[in-house]
Amino acid sequence: MPWQFDNERPIYTQLLEKIRIRIISGQYPAGNRLPSVRELAAEAAVNPNTMQRALAELERSGLIYSQRTSGRYVTEDESLVSFIRESVAQEKIHSFYEEMKQLGYSREETMNLLNKDKGGSST
14 MPWQFDNERP IYTQLLEKIR IRIISGQYPA GNRLPSVREL AAEAAVNPNT
64 MQRALAELER SGLIYSQRTS GRYVTEDESL VSFIRESVAQ EKIHSFYEEM
114 KQLGYSREET MNLLNKDKGG SST
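Here the sequence shown stands for residues 14 to 136, where the numbers follow my numbering.
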């Protein structure tokens with residue numbers, strides 16, 4: 014099934030984000046080999062060059078690395094993965110608070126709503 018993309022942002026940045034999420038969530042575990050550029054591009058229904066660009070950026074960040082003859086692998090540096098995971102979580106929390114602020118909620122009101130939902134939905 015093709016990945017869903019937003020027309021407002023470049024595809025390669027969205028690919029980078031989606032693969033980064035797969036890494037930090039453990040879907041692509043530390044030390045494991047990633048699917049090939051062509052396999053990932055086919056899965057995402059994008060041009061292989063676009064996928065290559067996203068993977069090159071992930072290599073620069075240290076989340077993945079290349080083995081000359083055997084492909085790309087997820088870093089084994091679990092502290093880096095944890096750091097990026099927490100950074101992404103903080104970005105999501107900040108965005109959530111900003112959206113709630115636009116709806117007219119203060120941080121305290123937002124926290125009250127979240128606490129009220131405890132035990133409610135578990136998505």
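Where a beta carbon is used, it is the ideal one built from N, C-alpha and C, also for glycine.
DSSP beta-bridge partners of residue i
| i | result |
| --- | --- |
| Val50 | None; Val50 has no bridge partner. |
| Ser79 | Arg85 |
Supposed contact pair residue j and residue i - C-beta distance, whole angstroms, cut 8 Å
| i | j | result |
| --- | --- | --- |
| Arg85 | Ser79 | 5 Å |
When the options are compared against residue i, the one with the closest alpha-carbon
| i | options | result |
| --- | --- | --- |
| Arg98 | Thr26, Phe18, Glu122 and Gln40 | Gln40 |
| Ile37 | Ser83, Thr26 and Phe96 | Phe96 |
| Trp16 | His107, Ile32, Lys129 and Ala57 | Ala57 |
| Lys31 | Lys129, His107, Gln103 and Leu53 | Leu53 |
| Val59 | Gly44, Val94, Leu28 and Thr123 | Leu28 |
Helix, strand or coil at residue i according to DSSP, with G and I counted as helix
| i | result |
| --- | --- |
| Ser119 | coil |
| Arg35 | helix |
| Val59 | coil |
| Glu21 | coil |
| Tyr41 | coil |
| Lys131 | coil |
Outcome for residue i when other beta-carbon atoms lying within 10 angstroms are tallied against a minimum of 16
| i | result |
| --- | --- |
| Arg33 | buried |
| Gln103 | exposed |
| Thr82 | exposed |
| Met1 | Any answer about residue 1 is impossible in this case: the structure gives the chain only from 14 up to 136. |
| Ile77 | buried |
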